[in-house]
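Peer 1: First the structure, which I've put down as structure tokens, then a few questions once you've had a look.
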Amino acid sequence: MKKSIILIILFTTITMFGQTADQPSGKAYRRSSVHNANLVRTVYGNWGVIGQPGGGGPRGAWIYDTNGYIGDVSPMIGAEIEYWDSVGDSMKTAHSVVICPISRPSTGKEESSTGQKWSFEPVAGYFNEENEKVAMSTDKTSWPPYWPDKLDESDPGWAGEWNGLFGKGVFNADQESYYVMNDNNDEEFNYSANNEFGLAF
1484 MKKSIILIIL FTTITMFGQT ADQPSGKAYR RSSVHNANLV RTVYGNWGVI GQPGGGGPRG
1544 AWIYDTNGYI GDVSPMIGAE IEYWDSVGDS MKTAHSVVIC PISRPSTGKE ESSTGQKWSF
1604 EPVAGYFNEE NEKVAMSTDK TSWPPYWPDK LDESDPGWAG EWNGLFGKGV FNADQESYYV
1664 MNDNNDEEFN YSANNEFGLA F
């Protein structure tokens, strides 16, 4: 049981820090799948959440799909940044927390007045865009034509090979999934005061 859960969490954590400035990200690239190995079953989304979408499959179930044990699990990253405020001529501190978009009751919205999400979103190119699933080791139809993060000279993009935790085509678990997400669309603190400074996280 621990093996399956650890792999899901590990991939969620590993994949969120990629260099993805050249690739678009956003809600349009959201995909979900179900991990169902080693008696553990759970739905998960490539925007960083385990146990959602709620209607997409079991939620952290053990042995039977109806034995759900979790509502959702998702990472949250926080930063405290000191910066020089040229308007006030002093040092200031900004706090920012980036979360995953989750369907649950909340007191505040993590989005702009125009609907721009201030959260992690999946990056294009890491799944088969003609498929509604996250790239999974056990389903070649979910893999992209090539892996954007593997554009090395010897085998550009690893076409037709699994982009595994332990290397090209290495399967070390019953199931693995791979996705990349970023917070490039999070402009919550990209503001300016008198157009003299701005913050970008």
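The sequence shown begins at 1484 in this note's numbering and counts up one residue at a time. Glycine residues also receive a C-beta, built at the ideal position from the N, C-alpha and C atoms.
Three-state secondary structure (DSSP) at A1544?
Peer 2: strand
Peer 1: Mapping DSSP to helix, strand and coil, what is A1511?
Peer 2: helix
Peer 1: Return helix, strand or coil for G1598, following the three-state DSSP convention.
Peer 2: coil
Peer 1: Return the Cβ separation of N1529 and R1514 in integer angstroms, given the expectation that the two are a contact with Cβ distance under 8 Å.
Peer 2: 5 Å
Peer 1: Name the residue from L1522, W1645, V1526, Y1547 whose alpha carbon lies nearest to the alpha carbon of Y1661.
Peer 2: W1645
Peer 1: Tell me which same chain residues have a C-beta within less than 6 Å of the C-beta of I1560, skipping the five on either side of it?
Peer 2: Closer than 6 Å at Cβ, skipping near neighbours: V1581.
Peer 1: Going along the chain, which residues of its own chain have a beta-carbon closer than 8 Å to the beta-carbon of A1618, five neighbours each way excluded?
Peer 2: Y1609, F1610, N1611, S1625, W1626, P1627, N1646, S1660, Y1661, Y1662
Peer 1: Taking the alpha carbon of S1516 as the point to measure from, which residue in G1509, Y1527, P1507 has its own alpha carbon closest?
Peer 2: Of the listed residues, the one whose Cα sits closest to S1516 is Y1527.
Peer 1: Within the same chain, show all residues whose beta-carbon is closer than 8 Å to that of Q1658, passing over the 5 residues directly before and after it, in chain order.
Peer 2: S1487, L1490, H1518, N1519, A1520, M1619, S1620, T1621
Peer 1: Excluding the 5 residues flanking L1634 on each side, which residues of the same chain have their C-beta closer than 8 Å to its C-beta?
Peer 2: G1640
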